[in-house]
Amino acid sequence: MRLVGTDQACQGGNCAAVWVDDETGDLVLQGAQVTDQDALAELTAKSPRAPHETVVRIPARMRDLVQEACRDRATDVR
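The letter at position 36 of the sequence shown is residue 36 when you use UniProt numbering, and the numbering goes up by one with no holes.
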């Protein structure tokens, strides 16, 4: 796994992060687990989750990191 970056506004560690699996091109996101039941119900209504899946939230200020991760692997996506 290659770390693309972490939330630069985070202090004290345990920060949201964006990773790329260089073998598969998959994005791996580390963020705060969404636990609000209303939010989860809304999300699940649009895209049901498998038992092994979770929903995480990362700050909007990290969009550039997500885009960078996508650009880095765009030519390798299968």
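C-beta: ideal position from N, C-alpha, C; glycine also.
With a Cβ-Cβ cutoff of 7 Å, do residue i and residue j count as a contact?
i   : j   : result
A17 : Q30 : yes
A32 : R57 : yes
A69 : V28 : no
L65 : G5  : yes
Return the bridge partner residues of residue i from the DSSP annotation.
i  : result
T6 : A17
Mapping DSSP to helix, strand and coil, what is residue i?
i           : result
Q33         : strand
residue 103 : A question about residue 103 goes unanswered here, because the residues of the chain that appear run from 1 up to 78.
Can you tell me whether residue i is buried or exposed, with buried defined as 16 or more other CB within 10 angstroms of its CB?
i  : result
M1 : exposed
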